[in-house]
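Chemist: Let me begin by handing over the structure; questions about it come next.
Number of protein chains: 2
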Amino acid sequence: MSVVDVSSVNAFIPGEVELEESQLRLIEQRDRLLGPAYRLMYQKPLHFVRGDGVWLYDPDGRAYLDTYNNVVSLGHCHPDVVEAITRQVATLCTNTRYLHETILELAESLLSTVESSDLTHMMLTGSGSEANDLAYRIAKVRTGGTGVIITETAYHGITDAVSKFSPTLGEGVPLGEHVRCVRAPAAYRYGPNTAERFQSDVEAAIADLKRHGIQPAMLIVDTLFTSDGILPEEPGFLKGAAGAIRKAGGLFVADEVQPGFGRTGETMWGFQRHGVDPDIVTLGKPMGNGQPIAGLLTRHDVVEEFGRSSRYFNTFAGNAVSCAAAAAVLKVIKRDRIMGNSRDVGAYLLGKIEGLRERHECLGNVRGAGLFVGADIVTDRETQASDRARTTRVVNAMRENGVLISACGEDHNILKIRPPLIFSKENVDLFVNVLDNALGTSNV
Amino acid sequence: MSVVDVSSVNAFIPGEVELEESQLRLIEQRDRLLGPAYRLMYQKPLHFVRGDGVWLYDPDGRAYLDTYNNVVSLGHCHPDVVEAITRQVATLCTNTRYLHETILELAESLLSTVESSDLTHMMLTGSGSEANDLAYRIAKVRTGGTGVIITETAYHGITDAVSKFSPTLGEGVPLGEHVRCVRAPAAYRYGPNTAERFQSDVEAAIADLKRHGIQPAMLIVDTLFTSDGILPEEPGFLKGAAGAIRKAGGLFVADEVQPGFGRTGETMWGFQRHGVDPDIVTLGKPMGNGQPIAGLLTRHDVVEEFGRSSRYFNTFAGNAVSCAAAAAVLKVIKRDRIMGNSRDVGAYLLGKIEGLRERHECLGNVRGAGLFVGADIVTDRETQASDRARTTRVVNAMRENGVLISACGEDHNILKIRPPLIFSKENVDLFVNVLDNALGTSNV
Numbered sequence: 087m088s089v090v091d092v093s094s095v096n097a098f099i100p101g102e103v104e105l106e107e108s109q110l111r112l113i114e115q116r117d118r119l120l121g122p123a124y125r126l127m128y129q130k131p132l133h134f135v136r137g138d139g140v141w142l143y144d145p146d147g148r149a150y151l152d153t154y155n156n157v158v159s160l161g162h163c164h165p166d167v168v169e170a171i172t173r174q175v176a177t178l179c180t181n182t183r184y185l186h187e188t189i190l191e192l193a194e195s196l197l198s199t200v201e202s203s204d205l206t207h208m209m210l211t212g213s214g215s216e217a218n219d220l221a222y223r224i225a226k227v228r229t230g231g232t233g234v235i236i237t238e239t240a241y242h243g244i245t246d247a248v249s250k251f252s253p254t255l256g257e258g259v260p261l262g263e264h265v266r267c268v269r270a271p272a273a274y275r276y277g278p279n280t281a282e283r284f285q286s287d288v289e290a291a292i293a294d295l296k297r298h299g300i301q302p303a304m305l306i307v308d309t310l311f312t313s314d315g316i317l318p319e320e321p322g323f324l325k326g327a328a329g330a331i332r333k334a335g336g337l338f339v340a341d342e343v344q345p346g347f348g349r350t351g352e353t354m355w356g357f358q359r360h361g362v363d364p365d366i367v368t369l370g371k372p373m374g375n376g377q378p379i380a381g382l383l384t385r386h387d388v389v390e391e392f393g394r395s396s397r398y399f400n401t402f403a404g405n406a407v408s409c410a411a412a413a414a415v416l417k418v419i420k421r422d423r424i425m426g427n428s429r430d431v432g433a434y435l436l437g438k439i440e441g442l443r444e445r446h447e448c449l450g451n452v453r454g455a456g457l458f459v460g461a462d463i464v465t466d467r468e469t470q471a472s473d474r475a476r477t478t479r480v481v482n483a484m485r486e487n488g489v490l491i492s493a494c495g496e497d498h499n500i501l502k503i504r505p506p507l508i509f510s511k512e513n514v515d516l517f518v519n520v521l522d523n524a525l526g527t528s529n530v
Numbered sequence: 087m088s089v090v091d092v093s094s095v096n097a098f099i100p101g102e103v104e105l106e107e108s109q110l111r112l113i114e115q116r117d118r119l120l121g122p123a124y125r126l127m128y129q130k131p132l133h134f135v136r137g138d139g140v141w142l143y144d145p146d147g148r149a150y151l152d153t154y155n156n157v158v159s160l161g162h163c164h165p166d167v168v169e170a171i172t173r174q175v176a177t178l179c180t181n182t183r184y185l186h187e188t189i190l191e192l193a194e195s196l197l198s199t200v201e202s203s204d205l206t207h208m209m210l211t212g213s214g215s216e217a218n219d220l221a222y223r224i225a226k227v228r229t230g231g232t233g234v235i236i237t238e239t240a241y242h243g244i245t246d247a248v249s250k251f252s253p254t255l256g257e258g259v260p261l262g263e264h265v266r267c268v269r270a271p272a273a274y275r276y277g278p279n280t281a282e283r284f285q286s287d288v289e290a291a292i293a294d295l296k297r298h299g300i301q302p303a304m305l306i307v308d309t310l311f312t313s314d315g316i317l318p319e320e321p322g323f324l325k326g327a328a329g330a331i332r333k334a335g336g337l338f339v340a341d342e343v344q345p346g347f348g349r350t351g352e353t354m355w356g357f358q359r360h361g362v363d364p365d366i367v368t369l370g371k372p373m374g375n376g377q378p379i380a381g382l383l384t385r386h387d388v389v390e391e392f393g394r395s396s397r398y399f400n401t402f403a404g405n406a407v408s409c410a411a412a413a414a415v416l417k418v419i420k421r422d423r424i425m426g427n428s429r430d431v432g433a434y435l436l437g438k439i440e441g442l443r444e445r446h447e448c449l450g451n452v453r454g455a456g457l458f459v460g461a462d463i464v465t466d467r468e469t470q471a472s473d474r475a476r477t478t479r480v481v482n483a484m485r486e487n488g489v490l491i492s493a494c495g496e497d498h499n500i501l502k503i504r505p506p507l508i509f510s511k512e513n514v515d516l517f518v519n520v521l522d523n524a525l526g527t528s529n530v
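Chains P and V supply the protein sequences, listed in that same order. Count along the first sequence starting at 1, add 86, and that's the number in the working numbering. Count along the second sequence starting at 1, add 86, and that's the number in the working numbering.
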C-alpha cells in the first residue's frame, strides 16, 4: 500500500509509526497478494489468531477487549452457533431451489420479531450490500422511480449501485445523479425539532429530485445513523420523513445492518424505537454471528411485481449452513435475554462514559442506545469543534492498552463504541478505565 | 407462488402436476414466508435432508444422484472442508481489517494456479454476483468507460449493475443502455470459423457502443459459455475477441464461476484452455465447496487507481472460516488429482452420451469439457430445431428415476450435466442408464 489514505477512518498509514519486523513482513505479503484496495485498522495493525467471547488474542497470547464488533454480536466462537454450523455443514448445504426446513424455521423465527408490522416475507442475500442492492431493485420496480435519498455521511454498502448512495466511501466514489443527501438528524449539532427538520429536509430532497425529472424510489436510513455519528434521540423522529417519502410514491427502507438484532436494547430493530413501519427492512452483519448471511423483510404488495417480473435466486444465500447459524443466533438472543443485557449494560456503559466528562474537557456530546455509544472528541465543548487528531490518538492509545474501538462521523472525531452484546459490567469497568487513561494522555 | 413462470428454465409450475399433501404444505409455507420471487426446480419439487458425496437424500431416505452441482464441487459434506470449517469456526472468524494468515495462504495457493499469467492480486467477495459487480466497478475506473459486451444468453449475477448484463434473468429485467449482446460462439449452430466470427461480432458491438458515445469498459464471458449452451470448441477461439476489446481500451474479464476450479479437466481455469490472459478473472460457486466465498484475480495496474480512489472492504468476504474452507478446497483439488478425474470421467461421460445418439433421434449435438456436458434435444437433427417440451420431459423423467440434471440455452432445450468433480465411472454408468431410459420414454 503505497498511498496515504486519509479518507478512511482509523486506517493504517504505512510509514507513520515504526513496526516490528514480523508485522512488516505480513503487511508486505498482504500488499503483494491482496493489492492496493485493502486497508488495515490502527497505526499499528493487529494480528489475531484466536477469539473467545469478548476477547481477541494475538500470536503472543495477548488479549484484547473487543469493543468494536457487531458481526460476532454474541461473542467470538459462541458455542451454540459453532455447534449449529458444525452439525449442519456435516449434514447438508444446498440452495433455495430445493425444499429445506431450516430456511422456513429461520423465516418463522425472524418474522415473529416484527409481528406487529405488515412485514410478512423474508428474502436472503449474502451480505448487507446485497440486501440494500436488492431493496433498491425491488423499490425501482415497485415505484417506477430511481431516486434515492440518504443522510450526508451514510454507508449502505459496496455494490456498484449501493456505492452510489454510500458517501462515506469517499470522494473517489461518486454519488449517483439520482441520489440526494440530507443532513443527519443530529439534535445535538443542529438544535431541537429533529423530527420536523428531518422531515422538511427529506421533503426538500424529494422536491429537488422531482425538479430534475427523477421519481423517488426510496428513502433509506440506518435507523441508528451509526456512520453519521450514532443518533438515537428522540425516538419517533423518523415518522414524518417516512410519511413524506411514501406520500411522494417512494418506499421507506430501514437499514438494520448496524442497529438490528437487539443492539439498541429496548427493541429488536432500530425502526421499532421510532414506531414506524418500513416498507423494506434490510439485515446484515450480526445475523449469523460471523457466518455470511443477510437479507430483507418486506410486505407482499411491495415485492409482488418484482417477484413476477424478475424472480430471485442467489446461490449462497439461503444455504442450509448459514440458515442454521442464523436460526441459532435468534434462539440465543431470546433464550439468554441478550436484548435485556444490551439495554442494562448499555445504560451502565453510557453512564460511565458520561461520568468521564467531568474529568476530560475534550469529551463532548455522548449518546447511545443499548450497546452502541457515540462520543465526540472536541477542541471546545461550547462550539463542539471537532478534534480529529486527538480522536486518532485516543483510539490508538486504547489499542496499545488492549481495548479495541474505532471512530466515525463526517469529521472522524466520534468514538464508535460497539461491543458484542454479551458485554458485562465488568467489561465496561475495564473499558472505561482504559478510555479514561487514553483521554488523559491524549494531549500531544 | 400464484404466477406461471415460463422464463425460468426447469422451474416448478404450481398446479401442473399433482403433489403429495406434505409437499404442498411445505410449498405453501415457503410461499407465505419467502414471497413471490423464489422458484423451485422440477415439476415435482425436491426436499432434501442430507447429502453425502454425489448423493442427496430426501426425508424418506431415497437417494438421488446429484449430477447438477458445481457448488459442492468436491461432493456433499467433503470431510476435509467440513474439518477446516469446524476447526476455524471454533477458533476465530474475523475480517480483513486485521492481519490473518489464512487469507494470505489462500491467496498464495490460488495465485499459484495462474503463475504463467500477470495476475498477481486476489480480492475476495461474498458471491459470484459481487465478484462480477466489483470487476465492473474496477473496469469503469480503469478504462473511464461504462460499456459492457456479453453473449446473447449470458448470466453473470443479480446485483443491480450485473443484472443489467445478465439476459437470462428474462425480459422483466431490462438490459442496460450501455450493454451490447453478441452471438454465442457456437460452432455447431453458426458453422465454422468461430474465432473470426466471435471477434468480428465483438468488434461490431464495440463500434456500436462508440457510435452511441459509450466507451467500452469490458467484454465479460463465461469461458465455457455454460448458460449459452456449453461451448467448449475449438480451444483458443477467445483470443481475437480479447484482443479486440483491449485494442478498444476495455478489459477482458473471464467469468470462471462455472468453469473454474478444475471442472474442464485439462486446466484449472476455462481461460487457460483458450491461451488468453484476462485482465480480471472472477470466481465463485465451487470456491468454498458450499461455504460462501467468491472473488477475483487481477493485475496490479488494473486495480491501482481503484485501490487509491475507492478502497475496498467487504465484511464477510475474507472471513477466516470462508478462507479456511477455500484453502481446503484447493488442497484437495491438488492432492486428490481432481482435475485428472474431471478430465478422465468427463471424457467417459461424453463418450457414453454420444453413444446414445445411435438409439435416440432426439439427441442432437453433444459436447463438453471435463465434467460439464451439454446435449441438445431436437425435433430434427438436420435442422437442429429445439424441442423444449421434450427437454422438460427428459429432465423430469430423470428426476423421477433419481438422477438430477437441469436445462439451459436460449430455447431451454439443452441438457445441462454438471456433476461434482468426484464423479466416478460407476456414477456415469448409472447416469447414462437413466438418461437412456428417459430419452426412450420422452415421446408424449
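All C-beta atoms, glycine included, are put in the ideal place defined by N, C-alpha and C.
Between which two residues does the alpha helix (DSSP H) containing residue 67(V) stretch?
Modeler: Summary: the structure shown does not reach residue 67(V), with chain V confined to residues 87 through 530, and so no result is reported for it.
Chemist: Tell me which same chain residues have a C-beta within less than 6 Å of the C-beta of residue 451(P), skipping the five on either side of it?
Modeler: Within the first sequence, numbered from 1, the residue matching residue 451(P) stands at position 365. The answer, listed in chain order, is 274 and 462.
Chemist: Please return the same chain residues whose Cβ sits closer than 6 Å to the Cβ of residue 308(V), not counting the five positions on each side in sequence.
Modeler: Locating residue 308(V) in the second sequence gives position 222, where the first residue counts as 1. The residues are 341 and 344.
Chemist: List, in order along the chain, the chain V residues whose C-beta lies closer than 7 Å to that of residue 390(P)?
Modeler: Translated into positions along the first sequence, residue 390(P) becomes position 304. What residue 390(P) touches in chain V: 122.
Chemist: Between residue 507(P) and residue 528(P), what straight-line distance do the alpha-carbon atoms span, to the nearest angstrom?
Modeler: Along the first sequence, one-based indexing puts residue 507(P) at 421. Along the first sequence, one-based indexing puts residue 528(P) at 442. Taking the straight line joining both Cα atoms gives about 28 Å.
Chemist: Would you verify that the beta carbon of residue 387(V) is, or is not, closer than 8 Å to some beta carbon of chain P?
Modeler: Your numbering for residue 387(V) matches position 301 in the second sequence. So no, residue 387(V) is outside the interface.
Chemist: Do you know offhand how far residue 156(P)'s Cα is from residue 474(V)'s?
Modeler: Residue 156(P) sits at position 70 when you count from the first residue of the first sequence. Residue 474(V) sits at position 388 when you count from the first residue of the second sequence. So the alpha carbons of these two residues sit roughly 49 Å apart.
Chemist: If we define contact as Cβ-Cβ less than 8 Å, is residue 371(V) a contact residue for chain P?
Modeler: Position 285 of the second sequence, counted from the start, is the residue given in the question as residue 371(V). Yes, residue 371(V) counts as interfacial toward chain P.
Chemist: Just the chain V side, please: which residues come within less than 8 Å of residue 214(P) by C-beta, in chain order?
Modeler: In the first sequence, counting from the first residue as 1, residue 214(P) sits at position 128. Per Cβ cutoff of 8 Å: 401.
Chemist: If we ignore side chains and look at the alpha-carbon of each, how far apart do residue 106(P) and residue 131(P) end up?
Modeler: One-based indexing of the first sequence puts residue 106(P) at position 20. One-based indexing of the first sequence puts residue 131(P) at position 45. Using only the alpha carbons, I get a separation of about 11 Å.
Chemist: Short of 8 Å in beta carbon distance, which residues of its chain neighbour residue 244(V), apart from the five on each side in sequence? Order them along the chain.
Modeler: In the second sequence, counting from the first residue as 1, residue 244(V) sits at position 158. Only 215, 252 and 255 meet the Cβ criterion.
Chemist: Can you give me, in chain order, the residues of the region 175-209 of chain V that have a beta carbon less than 8 Å from any beta carbon in chain P?
Modeler: The residues in question are 175, 176, 177, 178, 179, 180, 181, 182, 183, 184, 185, 186, 187, 189, 190, 193, 194, 197, 206, 207, 208 and 209.
Chemist: Looking at the structure shown, is residue 262(P) part of a helix, part of a strand, or coil, going by DSSP?
Modeler: Mapped onto the first sequence, residue 262(P) falls at position 176. Correct three-state label for residue 262(P): coil.
Chemist: Using 8 Å as the limit for Cβ to Cβ distance, is residue 163(V) near chain P?
Modeler: In the second sequence, counting from the first residue as 1, residue 163(V) sits at position 77. Chain P contact via Cβ: present.
Chemist: Name, going along the chain, the residues of the region 117-148 of chain V whose beta-carbon falls closer than 8 Å to a beta-carbon of chain P.
Modeler: For the region 117-148 of chain V, which is checked against every Cβ of chain P, the residues closer than 8 Å are 118, 119, 120, 121, 122, 123, 124, 125, 126, 127, 131, 132, 133, 134, 135, 136, 137 and 142.
Chemist: Under 8 Å, do residue 509(V) and residue 457(V) count as touching if we go by C-beta distance?
Modeler: Within the second sequence, numbered from 1, the residue matching residue 509(V) stands at position 423. Within the second sequence, numbered from 1, the residue matching residue 457(V) stands at position 371. Yes, these two residues count as a Cβ contact at 8 Å.
Chemist: Touching or not, the region 198-217 of chain V and the region 276-290 of chain V, by the rule of three or more beta carbon pairs under 8 Å?
Modeler: Contact fails: fewer than three Cβ-Cβ distances are below 8 Å.
Chemist: Could you tell me whether the Cβ atoms of residue 144(V) and residue 133(V) are closer together than 8 Å?
Modeler: On the second sequence, position 58 is the one that residue 144(V) refers to. On the second sequence, position 47 is the one that residue 133(V) refers to. Yes.
Chemist: Please classify residue 233(V): is it buried, with 16 or more other beta-carbons within 10 angstroms of its beta-carbon, or exposed?
Modeler: Taking the second sequence and counting its residues from 1, one reaches residue 233(V) at position 147. Its Cβ being crowded by 16 or more others within 10 Å, residue 233(V) is buried.
Chemist: On the criterion of 16 or more Cβ atoms from any shown chain inside 10 Å, does residue 498(V) qualify as buried, or is it exposed?
Modeler: Within the second sequence, numbered from 1, the residue matching residue 498(V) stands at position 412. It counts as buried.
Chemist: At the 8 Å Cβ level, is residue 225(V) part of the contact set with chain P, yes or no?
Modeler: The residue you call residue 225(V) lines up with position 139 of the second sequence. Not an interface residue.
Chemist: Sort 494(P), 513(P), 511(P) and 480(P) by Cα distance to residue 525(P) and report the nearest one.
Modeler: Residue numbering aside, residue 525(P) sits at position 439 when the first sequence is read from its first letter. If we check each option's Cα against that of residue 525(P), 480(P) comes out closest.
Chemist: State the Cα-Cα distance for the pair residue 409(P) and residue 296(V), rounded to the nearest angstrom.
Modeler: Position 323 of the first sequence holds residue 409(P). Position 210 of the second sequence holds residue 296(V). The straight-line gap from Cα to Cα measures roughly 46 Å.
Chemist: In angstroms, rounded to a whole number, what distance separates the CA positions of residue 135(V) and residue 150(V)?
Modeler: Here residue 135(V) refers to the residue found at position 49 of the second sequence. Here residue 150(V) refers to the residue found at position 64 of the second sequence. Taking the straight line from one Cα to the other gives about 12 Å.
Chemist: Since residue 150(V) sits in a beta bridge, which residues does DSSP pair it with?
Modeler: Numbered from its first residue, the second sequence carries residue 150(V) at position 64. Paired residue(s): 142(V).
Chemist: Along chain P, which residues have their Cβ under 8 Å away from the Cβ of residue 222(V)?
Modeler: For the purposes of this step, residue 222(V) is identified with residue 136 of the second sequence, where counting begins at 1. Those are 246, listed as they occur along chain P.
Chemist: Starting from the N-terminal side, write out each stretch of the beta strand (DSSP E) that is 3 residues or longer and does not extend beyond the region 334-363 of chain V.
Modeler: Taking only runs of at least 3 residues, the beta strand (DSSP E) segments lying wholly in the region 334-363 of chain V are 337-341.
Chemist: Taking 8 Å as the threshold, find out whether the region 318-325 of chain V comes into contact with the region 351-362 of chain V through three or more Cβ pairs.
Modeler: Flag = yes, the region 318-325 of chain V and the region 351-362 of chain V touch.
Chemist: Find the nearest neighbour of residue 294(P) within the set 268(P), 154(P) and 313(P), judged by alpha-carbon distance.
Modeler: As a working note, residue 294(P) is residue 208 in the first sequence. For residue 294(P), the nearest C-alpha among the options comes from 268(P).
Chemist: Could you check whether the Cβ of residue 89(V) sits closer than 8 Å to any Cβ belonging to chain P?
Modeler: Residue numbering aside, residue 89(V) sits at position 3 when the second sequence is read from its first letter. Confidence in residue 89(V) is poor, its pLDDT being 46 and thus under 50, which makes the residue's placement too unreliable to answer from.
Chemist: Pairs of beta-carbons, one from the region 402-418 of chain V and one from the region 188-200 of chain V, closer than 8 Å: are there three or more?
Modeler: At 8 Å Cβ cutoff, the stretches touch.
Chemist: Report the three-state DSSP secondary structure of residue 87(V) (helix, strand or coil).
Modeler: Counting from 1 along the second sequence, the entry for residue 87(V) is found at position 1. Model confidence at residue 87(V) stands at a pLDDT of 36, short of 50, so the residue's coordinates are unreliable and nothing is read from them.
Chemist: Using the beta-carbon count (16 or more within 10 Å), is residue 519(P) buried or exposed?
Modeler: Stepping through the first sequence from its first residue, residue 519(P) is reached at position 433. Per the 10 Å Cβ criterion, exposed.
Chemist: How big is the Cα-Cα spacing for residue 437(V) and residue 446(V)?
Modeler: As a first step, residue 437(V) must be located in the second sequence, where it is residue number 351. As a first step, residue 446(V) must be located in the second sequence, where it is residue number 360. So the alpha carbons of these two residues sit roughly 15 Å apart.
Chemist: Tell me the start and end of each unbroken beta strand (DSSP E) in the region 187-259 of chain P that is at least 3 residues and wholly inside, in chain order.
Modeler: Whole beta strand (DSSP E) segments, 3+ residues: 207-211 and 233-237.
Chemist: Kindly say whether residue 396(V), judged by its beta-carbon, lies nearer than 8 Å to any beta-carbon of chain P.
Modeler: Taking the first residue of the second sequence as position 1, residue 396(V) is located at position 310. Yes, residue 396(V) counts as interfacial toward chain P.
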